[in-house]
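**Q** Numbering (the numbering used here), first residue to last: 184 to 365.
Virtual Cβ for every residue (Gly too), placed ideally from N, Cα, C.
Owing to the predicted nature of the structure, the values given are computational and were not obtained by experimental measurement.
Take a look at the structure:
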């Protein structure tokens, strides 16, 4: 049960599949991590995770992960609402990053998140990409903030599908309103 000035948020579901150009025999995996404001505390579940490796059998098939996600938050303030950052890898090379805020309304939500990957920023970077090098962020969590993001050039590359059930407790007692829920 939530305390006096706090509310609880429970998010459970799965990262269902990734849509990218995939050739036969390639292997994919993803990792996720949550990023939230300073008032937010994780009281259950995991802040991040790493999926199993999936091998592609047919060209351009969906890369089915069905990777479970379960986390519970406690907060006193909706500022800094939780975001999920997903990194998708083909073998050991980055295919793209996805970022999304978790749904605010309680219920079941299907999310389609666009994947983007950094573009090389120098001549040496372009030469490296010719030989298979893909630029990566040292801290993907920076995508959840605005600090320096305008300096990163990205190109879109596929999308990731996720399904989440959101349960909240204590919002209405604190005066927050989700509006009309259909």
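Which residue from 358, 206, 351, 197 puts its Cα closest to that of residue 238?
**A** 206
**Q** To the nearest angstrom, how far is it from the Cα of residue 290 to the Cα of residue 346?
**A** Between residue 290 and residue 346, the alpha-carbon positions lie close to 11 Å from each other.
**Q** Which whole-angstrom value describes the C-beta separation of residue 213 and residue 201, a residue pair presumed to lie in contact below a C-beta threshold of 8 Å?
**A** 7 Å
**Q** Residue 210 bridges to which residues according to DSSP?
**A** The partner list for residue 210 (beta bridge, DSSP) reads 238.
**Q** Using three-state DSSP, classify residue 288 as helix, strand or coil.
**A** coil
**Q** Can residue 283 and residue 255 be called in contact, C-beta distance under 8 Å?
**A** no
**Q** So, are the CB atoms of residue 257 and residue 236 less than 8 Å apart?
**A** Annotated as distal: residue 257 and residue 236, with beta-carbon spacing of 8 Å or more.
**Q** Compute the Euclidean distance between the alpha carbons of residue 352 and residue 190, then round it to the nearest angstrom.
**A** 6 Å
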